[in-house]
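See below for the structure under consideration.
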Amino acid sequence: MDMLTHTQQFLTIAWWLAFGVSVLLYIALDGADLGAGIFSLFVRDHDERGAIMAAMAGTWDANETWLIVAGGIMFGTFPFVYGSAFSYLMVPMALVLWGIMSRAVALEFRHLASPFWQRFSDGVFGVASLTVTFFGGMCVGAVLQGFALDTPAQGVPHYAGGAFNFISPFSIWTGISSCVAMTFSGVLFVRARFEKSEPIRQDAARWTATIFWLAIAAVVITWVWSAAIFDWARAKWFGPHFWIWGLFGLIALFCIEQVRRDTLKDKDFAAIMWFNGAALILGFGMLITMFPWIVPNTWTIWAGASPQVSLITFTLTMGGFVPVMIMYNWYQIWVFRGRISKLVGYGH
């Protein structure tokens, strides 16, 4: 770190934060769509499954761009991390990409297909949503555990391991817990997007309490497990400044309590916003816990950063896009905040 210039240090931290924000926004925004897709696997009515797809028609593709932004930031500002981490996560990321592409095809072509292929598209949409969520969650768990690097005397450090080293009890658990949390987000999304008299909205309301407590349990188990196996997390959470992390927890608990209250009062839009607030607070808390690691025990942000000239060039060419995208996403959400009925179909 001493060898870095002040400009490089500043830009490295700024782009590290931008990367974290992009990942968290993807989880918060596309997580609702993915959760609604998982929920659709339990919906029997053909028109209701189509209506779930229609409910996200105006926003799903924009939500997914945050994943592209995160990858672009990683490629442009942390290229060594990009190369080694994607080698480590090649299998789960390939499955995530398969799921994203399959969801897109199902969404865009369902209304053009025959009844048989419409039912097939419904199944693909649900299974692909589950695939993206599960293997995306596995990627998070695998990154938190870190990976081995081969560092030659002359050359670029690269991943030293097999294609399936990402699999561990913890990464499998983070995949499962991601499915639970995103399903709850999807249930809140369905509640917020459909008329209160619609049966699908009432079905989602019946799911709420059960999935709520399952999601709480998943978060608690993940936190306890992380504290038990990650010394870098334990050192901060229970160190001299433990009260800072306690504040993150208290704010998240406040948001979660607001979710519970608002769902009971049928304030569905407020409930999903409070849930996203809790997810962002917890995610940002983990991001700060990891600092200065970008991949714990493998890459620090300083070791993985691009040279100063590359960081400056990337900042000048790409820096303005992030705030514009945030404003555009918020505008989309606000425009499409109204409720719909199951009579609505994607593409009509």
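Per UniProt numbering, residue 1 is the first one in the sequence shown, and the count goes up by one each step. Idealized CB from N, CA, C, for every residue including glycine.
Measure the C-alpha to C-alpha separation of Ala228 and Phe238 and round it to an integer number of angstroms. In a straight line, the C-alpha of Ala228 is about 12 Å away from that of Phe238.
Quick one: Cα of Leu89 to Cα of Gly141, how far? Going from the Cα of Leu89 to the Cα of Gly141 covers about 11 Å.
Indicate the three-state DSSP secondary structure (helix, strand or coil) for Met1 in the structure shown. Because the pLDDT at Met1 is just 44, under 50, the model does not fix this residue reliably, and the point stays unresolved.
Could you tell me the distance, in whole angstroms, from the CA atom of Thr59 to the CA atom of Ala36? Taking the straight line from one Cα to the other gives about 13 Å.
Cα-Cα, which of Val335, Thr298, Phe321, Ala271 is closest to Leu149? The candidate whose alpha carbon is nearest that of Leu149 is Thr298.
Do the CB positions of Ser87 and His6 come within less than 9 Å of each other? No, the pair does not count as a contact, with Cβ atoms beyond the cut-off.
Inspect the CB distances between the segment 276-294 and the segment 306-321 and report whether three or more fall short of 8 Å. Too few Cβ pairs lie closer than 8 Å, so no.
What is the rounded straight-line gap between the Cα of residue 356 and the Cα of Trp213? Because the chain here runs from 1 to 348, residue 356 falls outside it and cannot be looked at.
Is DSSP giving Val43 helix, strand or coil here? Three-state result, Val43: coil.
So, are the CB atoms of Thr174 and Thr222 less than 9 Å apart? Yes, Cβ-Cβ distance for Thr174 and Thr222 is below 9 Å.
If you count every other CB in all the chains shown that lies within 10 Å of the CB of Ile68, and 16 or more means buried, which is it? Classification for Ile68: exposed.
In this structure, how does DSSP classify Tyr328 when only helix, strand and coil are distinguished? The three-state secondary structure of Tyr328, taken from DSSP, is helix.
Under three-state DSSP, which class holds His241? Coil at His241, not helix or strand.
What do you get for Lys265, buried or exposed, if any count of 16 or more other CB atoms within 10 angstroms of its CB means buried? Per the 10 Å Cβ criterion, exposed.
List the endpoints of the continuous alpha helix (DSSP H) containing Ile167. Unbroken run through Ile167: none, as it is neither H nor E.
Looking at the structure shown, is Thr151 part of a helix, part of a strand, or coil, going by DSSP? In the structure shown, Thr151 sits in coil (DSSP, three-state: anything other than H, G, I, E or B).
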